[in-house]
Each structure stands twice: as C-alpha cells, then as structure tokens.
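Student: Just add 1022 to wherever you are in the sequence shown, counting from 1, and you've got my numbering. Okay, handing you the structure first.
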Amino acid sequence: MLTIADARHLALAAQGFARPRPAAVGTRQLNLVLARLATLQIDSVNVFARSHYLPLYSRLGPYDPQLLDRLLFQRRAPYTEYWAHVAAFIPAGDWGLFGFRMRELRERYGSGPDSFLQTHRDIVDWVRAELADRGPLRPAQFDHELRRATRGPWWDWDAVKNSLEHLWLFGEVAIAGRRGFERTYALADQVIPDAARVEVPRADAVRELVRRAARAYGVATASDLADYWRIRDRRAVLTAVAELVDAGELAPVRVEGWTSSGRPLPAWRHHDAVRARSIDATAILTPFDPVVWFRDRAERLFGFEYRIEIYTPAPQRRYGYYSLPVLMGDAVVGRVDLKADRSRSTLLVQSAWWEPHRPVEAADRLADELRTAARWQGLDEISVGRWGDAADEVAGALSAARHDRT
C-alpha cells in the first residue's frame, strides 16, 4: 500500500519536480523535459504566456522561449504536432504511433456520404494539389490564391481551413512549423521522415503509449493512463497494462484513498518510478500541465478541485479567467490568475487563492516565483489585485502595487 504522500512523490519525481532547476537552460535541457513528458499540449490562450511554454518553465525556470521555438518550428524539426493529448507536440518519429487514430478519425469524419471529405471533395482535392505543387503553406497563402482567382470555383474560406484540419487529423497533412502562432501545413511526406510514417499496429501502439504514460506519471490508474493520450478503448488500455505487468515494467499497487464505490481503485507503478526523498519545488503550472490536466487525477492525488473558467461568464467565475495552479513541495497550495500587461511592462496578479493546507512560508515562496515569472516574461513590475483570500498576503510579500479587479 502506497500512502498518498508516496504517490505524490512518485508522480512529481516522474514529472521532473524532484530536481533543482538548472543554472542555465539550453536545448539539451529542453529536450530532456520533452522526453520526460512525451507530449506537450498546445493552447492558443496568451494572457500570461502560451501554454506550451509553461511546463518547461515550471520545471527548468527561466529560459529563452526562442530556443523552444527553434526546436519546435525549425524546418525539418525533430518535433511535430498531432492530436495526441488533444492538439500537442510530439517527436516527429512518433507519427506512426498514431496511425490507428488517424484511421479511426477518417472512418468517423471522412468516410460517410455526408462527411466533410465527401461533400467538399473538390476543395479537398484542390488543397492537396496546392500542397503537392507548392510545398508547405500557411493558411493565408491559400487565402491569397483564392482571392486572386478569376475563374473556376470560389470556395468559402472556412471550407479550405476545414480541409486542412481534416487532412491533418487523417494523417495526410502534417504541421511544418508556425509563423507566430499561425500553422504552416504540408503533405506528411514532405516533412515527416519516411520511417516515421510507417503505421505501428494498433495493439503495439497502444501498449507503447500506455508505457510512456506510465513512465511519465510514475503511478497511475487505468483512467489516468488512458487520458494521457485520450485513448477511449478501455479494454485496449487494460490489455496493454496486463502485458506490461507480465513484462515486469508495471507493478500493481494500491494507493491510500484511491477508491471507487468503496473499493480500492486498481493502480500501477512504473518500474523506473522512484520515490523522491523530498520535493522542494515551487512552480506555477499551466492548466494543461500533465500534473493537473486530468482533473480527476488532480483531485485524487492532491485534493485539488480544478476547472478552467475561460468560458464561464465573468460574474460567475470563482477564481478568475485563467487561474494557474501553484505547486509547492508535494502539494498544490493555491492558484493565481495572471495577465501580462505588456503595454505597461507589468505582471498583473488578477486574483490569488490558497488551498487549505499551505506551508507558513507560502506567501514568500510564491512572491519569489512571481518575481521570477515576471522577469522571464520581460516584465518590470508586478501589481496584485484585491480578489482572493491570498491577495493581501501575496501583495505584502511582494511589496507590490495594487489594482482593482479588471
């Protein structure tokens, strides 16, 4: 039986939080974190910093985001994008692991007589032909060609974008990089190495993905392992788990408090998982960090009930537009709603909240982390709002200016 403290230490060590932040961060350190996580979720919200920059900052501390951009977006980059844990970066060499998903998505969205591919066949064929003739293209370049057209079909621009997205989900098209946050699309054979495009048999792919999820989590339930890659076939996940147990890579365990309907919830520990003697990290997490992205696991592991309130009407928000969990030691101790006001070079702490069990030095540690986060984003000042039960304490620790709720 693992105590909940054991489980937290195993999980946070597997995620890289048992190690001190390095004195300097280069490409090697970024690659090591990406290998540990196995995937990096993408989200377009840019209130403080885009989500894919944050997991590396949380583990490594301040680094140059342009280093990550070059790693992810350079021509023939070692990483690409796919629907892994929703839209996410993966190693380009892992493309074939998702062949089963590409086929399933094509069957779901591209095979029926009323499917987009069938009802917009001319547009889809034109998009394929443009990519074949011209190579990687940004959506704006397709738009330019459409606007120049003087004869032939004049298609709805949304249909072109939908064609690109469908072909990407089906594996015919890959993302060849981004300019700013605008994707560049290419035929998969133009950017994904030939060997990586070989489809891995479904059972083998699921087993490998479950193996990677187990290694990234340290200790996990079947639901945790399935959610890491959004695998809906629970039977396939359990089959993969059984095979990994037989191979000695996973071991069944029970975790204190992990129950379902009053019965122990089956869980497994990866054979490489090591319980750290102590976790001394202080980190601000994106909502899409593997530590908290599966809300059921976050509540089970940390007693942390979490939801994103971006789509909640402002008067109904409890914690703020984009509240970020605060990890301190082996616990999630609070949340802060951050906004980068670049016109005033100021980090706005829109709200700050504590969880019930925080260390006595929590305000000072969070203040230090907020100063570090502001410097990382090139912001000179910090201002703290008046919303939240931690706001006054954090503002005092920072000796910060205050602002009213915006």
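Backbone N, C-alpha and C define an ideal beta-carbon position, used for all residues, glycine too. Predicted, not measured: the structure shown is a model, and the values here were computed from it.
Around the Cβ of Trp-1409, are there at least 16 other Cβ atoms within 10 angstroms (buried) or fewer (exposed)?
Tutor: It is buried - the Cβ of Trp-1409 has at least 16 other Cβ atoms within 10 Å.
Student: So, do the segment 1278-1285 and the segment 1041-1048 have three or more beta carbon pairs nearer to each other than 8 Å?
Tutor: The answer is no - the segment 1041-1048 does not touch the segment 1278-1285, with fewer than three Cβ pairs under 8 Å.
Student: Cα separation between Ile-1112 and Arg-1257?
Tutor: About 25 Å.
Student: Buried or exposed for Arg-1205, please, with buried defined as at least 16 other CB atoms from any protein chain shown within 10 angstroms of its CB.
Tutor: Label assigned to Arg-1205: buried.
Student: From this set, Gln-1037, Trp-1105, Leu-1260, Tyr-1239, which residue's C-alpha is nearest Arg-1229's C-alpha?
Tutor: The shortest Cα separation from Arg-1229 among Gln-1037, Trp-1105, Leu-1260, Tyr-1239 belongs to Leu-1260.
Student: Can you tell which of Gly-1115, His-1188, Ala-1305 has its C-alpha closest to the C-alpha of Asp-1132?
Tutor: Residue identity differs from the one stated: residue 1132 is Gly in this sequence, not Asp. Considering only alpha carbons, the answer is His-1188.
Student: When you compare the CB positions of Asp-1352 and Ala-1036, do they come within less than 8 Å of one another, or not?
Tutor: Contact flag unset, no.
Student: Helix, strand or coil for Ala-1374, going by three-state DSSP, please let me know.
Tutor: In this structure, Ala-1374 counts as strand in the three-state DSSP scheme.
Student: Rounded to whole angstroms, how far is the Cβ of Tyr-1101 from the Cβ of Ala-1114, which I believe are closer than 8 Å?
Tutor: Confirmed, about 6 Å.
Student: Can you name, in chain order, every residue of its own chain whose Cβ lies under 8 Å from the Cβ of Ala-1238, other than the five neighbours on each side?
Tutor: Once the five neighbours on either side are set aside, the close Cβ partners of Ala-1238 are Ala-1036, Gln-1037, Arg-1058, Leu-1059, Ala-1060, Tyr-1250, Pro-1312.
Student: With a floor of 4 residues, list each alpha helix (DSSP H) that falls wholly inside the segment 1374-1419, ordered by position along the chain.
Tutor: If we require 4 residues or more, the alpha helix (DSSP H) runs fully inside the segment 1374-1419 come out as 1384-1398.
Student: What does Trp-1290 pair with, by DSSP beta-bridge criteria?
Tutor: The partner list for Trp-1290 (beta bridge, DSSP) reads Ala-1242, Pro-1274.
Student: Specify the secondary structure class of Arg-1297 as computed by DSSP and reduced to three states.
Tutor: If DSSP states are grouped into helix, strand and coil, Arg-1297 belongs with coil.
Student: Taking only runs of the alpha helix (DSSP H) that begin and end inside the segment 1087-1114, which ones reach a length of at least 4 residues, in chain order?
Tutor: For the segment 1087-1114, whole alpha helix (DSSP H) runs of length 4 or above, ordered along the chain, are 1087-1095.
Student: Are Ala-1422 and Ser-1373 touching if we call contact CB-CB under 8 Å?
Tutor: Not closer than 8 Å, so no.
Student: Please state whether DSSP places Pro-1077 in a helix, a strand or coil.
Tutor: Correct three-state label for Pro-1077: helix.
Student: Per the DSSP calculation, Gly-1199 is bridged to which residue(s)?
Tutor: Thr-1206.
Student: With H, G and I counted as helix, E and B as strand and the rest as coil, what does DSSP make of Asp-1359?
Tutor: Here Asp-1359 sits in strand by DSSP.
Student: Give the secondary structure of Thr-1428 by DSSP, where H, G and I count as helix, E and B as strand, and everything else as coil.
Tutor: Thr-1428: coil per DSSP, three-state reduction.
Student: State buried or exposed for Gly-1464, treating a residue as buried only when at least 16 other CB atoms are found within 10 Å of its CB.
Tutor: Outside the shown range of the chain (1023 to 1428) lies residue 1464, about which nothing can therefore be said.
Student: Quick test of your reading: Tyr-1005 and Leu-1090, contact by CB under 8 Å. State the CB separation rounded to the nearest angstrom.
Tutor: Outside the shown range of the chain (1023 to 1428) lies residue 1005, about which nothing can therefore be said.
Student: Name, in chain order, the residues that DSSP records as bridge partners for Arg-1285.
Tutor: For Arg-1285, which the question treats as bridged, DSSP gives the partners Ser-1282.
Student: Could you check where the alpha helix (DSSP H) with Leu-1052 kicks off and where it finishes?
Tutor: Where Leu-1052 is concerned, the enclosing alpha helix (DSSP H) stretches over 1049-1059.
Student: Looking at C-alpha atoms only, which residue of Val-1182, Tyr-1344, Asp-1180, Val-1232 is the closest neighbour of Tyr-1069?
Tutor: Going by the sequence as given, residue 1069 is Val instead of Tyr. Minimum Cα distance to Val-1069 is reached at Tyr-1344.
Student: Compare the C-alpha of Ala-1106 against each of Val-1195, Tyr-1207, Pro-1381, Leu-1231 and name the closest.
Tutor: Cα-wise, what sits closest to Ala-1106 is Leu-1231.
Student: To the nearest angstrom, how far is it from the Cα of Leu-1024 to the Cα of Asp-1426?
Tutor: Taking the straight line from one Cα to the other gives about 45 Å.
Student: In the DSSP assignment, what are the bridge partners of Gln-1063?
Tutor: Note: Gln-1063 sits in a beta bridge opposite Ala-1110.
Student: Quick check on Leu-1307: does DSSP put it in helix, strand or coil?
Tutor: Residue state, collapsed to three classes: coil.
Student: Which class does Arg-1173 belong to by DSSP, given the choice of helix, strand or coil?
Tutor: Low per-residue confidence applies at Arg-1173: pLDDT is 40, beneath 50, and the placement is therefore not dependable, though the value from the model is reported in the following sentence. Of the three classes helix, strand and coil, the one that applies to Arg-1173 here is coil, per DSSP.
Student: On the premise that Asp-1065 lies in contact with Ser-1073, defined as a C-beta separation below 8 Å, what is that separation, rounded to the nearest angstrom?
Tutor: The Cβ separation is near 4 Å, so the contact holds.
Student: Secondary structure at Met-1023, three-state DSSP: helix, strand or coil?
Tutor: In this structure, Met-1023 counts as coil in the three-state DSSP scheme.
Student: Buried or exposed for Pro-1274, please, with buried defined as at least 16 other CB atoms from any protein chain shown within 10 angstroms of its CB.
Tutor: Classification for Pro-1274: exposed.
Student: Compare the C-beta of Ala-1218 with all C-beta atoms of chain B and state if any pair is closer than 8 Å.
Tutor: The chain inventory of the structure shown lacks chain B, comprising one protein chain alone.
Student: Could you check which residue in Thr-1243, Gln-1399, Gln-1063, Glu-1415 has the C-alpha nearest to that of Gly-1083?
Tutor: The shortest C-alpha separation from Gly-1083 is found at Gln-1399.
Student: Taking the alpha helix (DSSP H) that Val-1263 belongs to, which residues open and close that run?
Tutor: 1256-1268 is the span of the alpha helix (DSSP H), which, as asked, contains Val-1263.
Student: Residues in the same chain with beta-carbon distance under 7 Å from Arg-1173, minus the five sequence neighbours each way, listed in chain order, please.
Tutor: In this predicted model, Arg-1173 has a pLDDT of only 40, less than 50, meaning its place in the structure is not dependable; the value taken from the coordinates is given anyway. Answer for Arg-1173: no residue qualifies.
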